[in-house]
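Undergrad:
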Amino acid sequence: MAGICNKLFKLTISTNFCCLETTYKISLQVRNRQKNVPRLRFPLWYLKKERTLYPEKLTLENKEFIEEVVHDTFGPPAVLSGISTYKTTSPLKTQPVEKGVWTENSKRCGLITRKIGCYPMWDKNGKIIWSTLLQVIDNHVVKYTPPEEVDPPRKPKRFLKPNKYGVLLVGAESANPQLYTKEYCGLFTAAGLPPKKFLGKFNITPDAIIQPGTPLTACHYQPGDIVDVCGKTVDRGFQGVMKRWGFKGMPASHGVTKTHRRGGNIGGGGEKGRVWPGTKMPGHMGNKWRVLRGLKIWRINTKYNILYVQGLGVPGETNSLIYVHDTLLPLRKRKESPLYFPTFYPQLVDTPLPDDLYDSTVHPFDQPSITFA
15 MAGICNKLFK
25 LTISTNFCCL
35 ETTYKISLQV
45 RNRQKNVPRL
55 RFPLWYLKKE
65 RTLYPEKLTL
75 ENKEFIEEVV
85 HDTFGPPAVL
95 SGISTYKTTS
105 PLKTQPVEKG
115 VWTENSKRCG
125 LITRKIGCYP
135 MWDKNGKIIW
145 STLLQVIDNH
155 VVKYTPPEEV
165 DPPRKPKRFL
175 KPNKYGVLLV
185 GAESANPQLY
195 TKEYCGLFTA
205 AGLPPKKFLG
215 KFNITPDAII
225 QPGTPLTACH
235 YQPGDIVDVC
245 GKTVDRGFQG
255 VMKRWGFKGM
265 PASHGVTKTH
275 RRGGNIGGGG
285 EKGRVWPGTK
295 MPGHMGNKWR
305 VLRGLKIWRI
315 NTKYNILYVQ
325 GLGVPGETNS
335 LIYVHDTLLP
345 LRKRKESPLY
355 FPTFYPQLVD
365 TPLPDDLYDS
375 TVHPFDQPSI
385 TFA
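At position 187 of the sequence shown (counting the first as 1) the number is 201 in my numbering, and the numbers step up by one without a gap.
1. Pop quiz: L230 and N153 are said to be a contact at Cβ under 8 Å. What is the actual Cβ separation, rounded to whole angstroms?
2. If you reduce the DSSP assignment to three classes, tell me which class V84 lands in.
3. Which residue comes first and which comes last in the beta strand (DSSP E) that contains M135?
4. Going by C-alpha to C-alpha distance, which of K246, P296, P134, E197 sits closest to E64?
5. Identify, in the order they occur along the chain, each residue of the same chain with its Cβ nearer than 8 Å to the Cβ of W290, setting aside the five sequence neighbours on each side.
6. Excluding the five sequence neighbours on either side, which residues of its own chain have a C-beta within less than 7 Å of the C-beta of F31, listed in chain order?
7. Measuring only the C-alpha atoms, how far is K101 from P382?
8. In the DSSP output, what is N153 paired with across the bridge?
9. Using a threshold of 8 Å, state whether the C-beta atoms of D137 and V376 are closer than that.
10. Can you tell me which of the three DSSP states D221 falls into?
11. If you run the structure through DSSP and keep just helix, strand and coil, what is P110?
12. Between the beta-carbon of T159 and the beta-carbon of T357, is there less than 8 Å?
13. Count the other CB atoms within 10 Å of the CB of S127; is the residue buried (16 or more) or exposed (fewer)?
14. Report the CB separation of W259 from K294 in whole angstroms; it is logged as a contact under 8 Å.
15. Classify W312 as buried or exposed, calling it buried when 16 or more other Cβ atoms lie within 10 Å of its own Cβ.
16. In chain order, what residues of the same chain lie with their CB nearer than 6 Å to the CB of G96, ignoring the 5 residues before and after it?
17. Hey, is the region 346-364 in contact with the region 112-126, meaning 3+ C-beta pairs nearer than 8 Å?
18. Count the other CB atoms within 10 Å of the CB of C33; is the residue buried (16 or more) or exposed (fewer)?
19. Could you tell me if K310 is buried or exposed, where buried requires 16 or more neighbouring beta carbons within 10 angstroms of its beta carbon?
20. Quick one: give me the first and last residue of the alpha helix (DSSP H) that Y198 is part of.
21. Rounded to a whole number of angstroms, what is the C-alpha to C-alpha distance between H234 and V84?
22. Quick one, which of P110, I151, G140, V111 has its alpha-carbon nearest I130's?
23. With DSSP as the reference, label V248 as helix, strand or coil.
24. I'd like to know if the region 325-343 and the region 241-252 are in contact, where contact means that at least 3 CB-CB pairs between them fall below 8 Å.
25. Taking a contact to mean a Cβ-Cβ separation below 8 Å, would you say P191 touches Y179 in this structure?
26. Pull up the DSSP beta-bridge partners for L353, would you.
27. Alpha carbons only, please: which of K210, P265, K141, E331 is nearest the one belonging to Y194?
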């Protein structure tokens, strides 16, 4: 009887003395657009992040003592550039690295930002410029892996060449270490940093190495730089061909019945005679990583670490993560050394920077637009 129940109802019945335990198995459909190719190997920093929270029955004095230890280790809590973090005053714990010299083949680190909205600006001729605001959220360099130690999971089968790029691990947005596992917090011990909520990997050349523990700000770039942004698009769910692919649809009247928003023929006769792979059909829309290349930085706010990037097409919802790095377009790549290489160091600047840095073609709002002779 138990075998029949297992085949028909997928029930698992186990009897132990007088205890009867029943387990039901339910299948739920999950709609997404992820690749079905399994990951060959996880990276070194792919560890269990969140720990299991349970009632520890700590007294008020114990909680205050734990918070005191956290503040003594990472510094007192503070709000820096509009982001809640810890005010670290300890020097960098790792050995200092030698500063490299920029070349045309140099590839430096990027930033992890958060999309916070859109904003209009005007150039000096009165033409409107729409921009997207990307805020750099408490970025720090966590770890550097030299090229000889980088072992990618997928390697080319032919023309195998030695790897020339190292890996720089960047963390964003400091968090309370009590919320994470011991293994995950151990990633930041060598750099002397509190655990970060988000991690990002950037491939760099050895001449663009940055010492672990160094903060990264919006001054990593300058107004006029061309960057590429990467983010996850807005999840639209299951959509038809008119919204997903922009089809015109069928006529609204004149004999059309029940096909107003349909896609029409998908596999004609003759030589075609089938549905070809890649045919535009209804399906899941959005929730995919997309890269937008060749965006110009019009303005930088140094007080709150905000980048004003060209256009309104930056992928992702508001408050979503956006990864920013130097553009890879061959005709818009950097031809000369950046102002700060490999990154911006505040201690090397004699005078403090202004709150807003503008491109030469943008009209600053704090200056008059019309002058009379």
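Ideal placement from N, C-alpha and C gives every residue a C-beta, glycine not left out. Note that the structure is a prediction, hence the values are computed from the model and not measured.
TA: Let me spell this out:
1. 4 Å
2. helix
3. 125-136
4. E197
5. G281
6. The predicted model places F31 with a pLDDT of 46, which falls under 50 and marks its position as unreliable; any figure quoted below should be read in that light. Same-chain partners within the cutoff: there are none.
7. 39 Å
8. A186, L230
9. yes
10. helix
11. coil
12. no
13. Checking the sequence, you will find Thr at residue 127 rather than Ser. T127 comes out buried.
14. 4 Å
15. buried
16. Y318
17. yes
18. Its pLDDT being 49, under 50, C33 is placed unreliably by the model, and the measurement read from it follows with that caveat. Flag for C33 reads exposed.
19. buried
20. 196-199
21. 29 Å
22. I151
23. coil
24. yes
25. no
26. Paired residue(s): none; L353 is not in a bridge.
27. K210
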